[in-house]
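Everything on this sheet refers to the single structure shown next.
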Amino acid sequence: MEQYAINGGNPLVGEVEIGGAKNAALPILAASLMTDETVLVENMPDVRDTNILLKAMAGIGAHVERLDRHSVRINASLIHDLTVEGDSVKKIRASYYFLGALLGKYKKATVVLPGGCDIGCRAIDQHIKGFKALGATVSIAHGMITAEAPKLVGSHIYLDVVSVGATINIMMAAVLADGRTTIENAAKEPHVVDLANFLNSMGANIKGAGTDVIRIRGVERLHRTEYAIIPDQIEAGTFMFAAAATRGDITVKNVIPKHLESISAKLTEIGCEVRESDDAVRVVASKPLGHTHVKTLPYPGFPTDMQPQIAVTLGLSKGTSIVTESIFENRFRYVDELIRMGASIKVEGTTAIIEGVSRYTGASINAPDLRAGAALVIAALAAEGISVVDDIRYIERGYEDFHLKLQKLGAQIDKVESERELQKFKLKIS
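Residues 1 to 430, numbered by UniProt numbering, are exactly what the sequence shown covers, in order.
If you want it as structure tokens, here you go:
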């Protein structure tokens, strides 16, 4: 089993290039199935989730051509199967984006119910509500969800809760529906906007993405396009907190600073220096860090995907901090691992009370999910001594070359596959 072996205690210093956003790439790849013409997607992250999705697309008949590591050409004119299933695709949450894409184009789709990280309930009731409002019937049986309609008709849809997945799925189905669709209480995340821009580049008519009201006028067909995915705000934020936790100095390049404002604001609040330029953000942590309170909220609030990373950093900051999780109820599963490294954290329901400590110490820890896994790597990099991080497959779902990028910043980290390799790492750094 692959692990990260880490010797902590060194500040991370240097520059890091951020890749394409996983959370934008997944719906964009699914939406590329909605035309019979060829689509070119660039700046695609080469991570486990995108690779599984591309394999599933090829499995139903799409022609998928990898031009290079970050570019893919897709032609969906020969799709022969409207059922997407299999063990690998079941493991990623984004499998449900095939529903909106295939329902929109073919008026029928059957998709295995999705998995992903176990961070709490992520019901698909709002997706179903949207599909039904557009005229589809939806059924669930044998672990599969089927949506079908003789035709889709535009509708007014109010989401009971802000849901990125539902906003995206309804948007995809509605672009090829008859008439106009309005989605109220829509999600405003950058990857929702990126998908809308991608669909518009294919001939869709979507207005209002990035606000809480999205208006869509259905079109008859979509056409070819070439499109580059936005940079990954969560990968960027992860390296920004890595700079803070290790008392380092990192310039995060190829980013959209506007997408990082809530992260930059919290880093500034606890005492980091944050300098923005057109497409880069530099984080310098040269002074002792202070405490703060943070609550996760839908965009433009503080992202739930950054909650473990800020908690790790606050665990090494002076004073008492409070982190409140308002999106996913199981998001504190990493806390027990962090306590084993010397953190002082008490979880009460959806709130973590963090008493800052002077240092973490190395330990053997498990990554419980994607973002918590990345946060525990940051903790290990800040800790005194050697740590071993297990279950790194979660981390590789969403971070490309994570350990290699950290190595370039001066981190002593290696990917190891055996006890012998681990011993070699220990000898190398001793």
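Ideal Cβ placement from N, Cα and C applies to all residues, glycine included.
One or two residues paired with residue i in a DSSP bridge
i, result
"residue 331", "Residue 331 pairs with nothing; no bridge assigned."
"residue 20", "231"
"residue 259", "DSSP output for residue 259 lists no bridge partner at all."
"residue 348", "351"
"residue 180", "217"
"residue 75", "63"
"residue 26", "Paired residues: none, contrary to the question."
"residue 360", "Bridge partners of residue 360: none, in fact."
"residue 106", "Bridge partners of residue 106: none, in fact."
"residue 205", "217"
"residue 157", "183"
"residue 488", "Absent from the model: residue 488. The displayed extent of the chain is 1 to 430, so no value can be given."
"residue 274", "283"
"residue 413", "6"
"residue 396", "Paired residue(s): none; residue 396 is not in a bridge."
"residue 112", "144"
Span separating the alpha-carbon of residue i from that of residue j
i, j, result
"residue 258", "residue 275", "13 Å"
"residue 293", "residue 302", "11 Å"
"residue 121", "residue 330", "Note that residue 121 has pLDDT 47, beneath the 50 cutoff, so the model's placement of it is unreliable and no number is given."
"residue 417", "residue 364", "15 Å"
"residue 81", "residue 89", "15 Å"
"residue 390", "residue 126", "35 Å"
"residue 56", "residue 96", "12 Å"
"residue 72", "residue 210", "26 Å"
"residue 1", "residue 149", "45 Å"
"residue 112", "residue 335", "31 Å"
"residue 84", "residue 409", "40 Å"
"residue 361", "residue 414", "18 Å"
"residue 279", "residue 4", "30 Å"
"residue 315", "residue 326", "20 Å"
"residue 248", "residue 422", "26 Å"
"residue 25", "residue 261", "22 Å"
"residue 367", "residue 394", "7 Å"
"residue 309", "residue 152", "42 Å"
"residue 18", "residue 44", "11 Å"
"residue 183", "residue 419", "53 Å"
"residue 101", "residue 401", "30 Å"
"residue 119", "residue 333", "Bear in mind that the predicted position of residue 119 carries a pLDDT of just 46, short of 50, making it unreliable; the figure below should be weighed with that in mind. When rounded, the distance between both Cα atoms is 8 Å."
"residue 156", "residue 213", "10 Å"
"residue 328", "residue 404", "30 Å"
"residue 234", "residue 161", "22 Å"
"residue 425", "residue 6", "9 Å"
"residue 271", "residue 305", "22 Å"
"residue 167", "residue 173", "10 Å"
For residue i, the three-state DSSP class (helix, strand or coil)
i, result
"residue 171", "helix"
"residue 305", "helix"
"residue 95", "helix"
"residue 4", "strand"
"residue 377", "helix"
"residue 316", "coil"
"residue 282", "strand"
"residue 223", "coil"
"residue 238", "helix"
"residue 337", "helix"
"residue 428", "helix"
"residue 86", "coil"
"residue 69", "coil"
"residue 37", "coil"
"residue 390", "strand"
"residue 124", "coil"
"residue 191", "helix"
"residue 323", "strand"
"residue 143", "coil"
Presumed contact (8 Å Cβ cut-off) between residue i and residue j, rounded CB distance
i, j, result
"residue 154", "residue 130", "The Cβ separation is near 12 Å, so there is no contact."
"residue 320", "residue 354", "7 Å"
"residue 175", "residue 104", "6 Å"
"residue 190", "residue 299", "7 Å"
"residue 22", "residue 49", "6 Å"
"residue 159", "residue 186", "7 Å"
"residue 312", "residue 289", "That pair is no contact at about 12 Å."
"residue 246", "residue 133", "About 49 Å separates the two Cβ atoms, so there is no contact after all."
"residue 229", "residue 194", "7 Å"
"residue 398", "residue 427", "Incorrect: roughly 32 Å between the Cβ atoms, too far for contact."
"residue 94", "residue 53", "6 Å"
Quiz item: Can you find at least 3 beta carbon pairs, one from the segment 270-286 and one from the segment 203-219, that sit closer than 8 Å?
Solution: no
Quiz item: Is there contact between the segment 374-389 and the segment 237-245, where contact requires at least three CB pairs shorter than 8 Å?
Solution: yes
Quiz item: Does the segment 23-39 come within contact of the segment 71-82, defined as at least 3 CB pairs closer than 8 Å?
Solution: yes
Quiz prompt | Segment contact, 8 Å Cβ cut-off, at least three pairs: the segment 339-359 with the segment 200-218 | solution = no
Exercise. Would you check if the segment 139-152 and the segment 66-75 touch, i.e. whether three or more CB-CB distances between them fall below 8 Å?
Key: no
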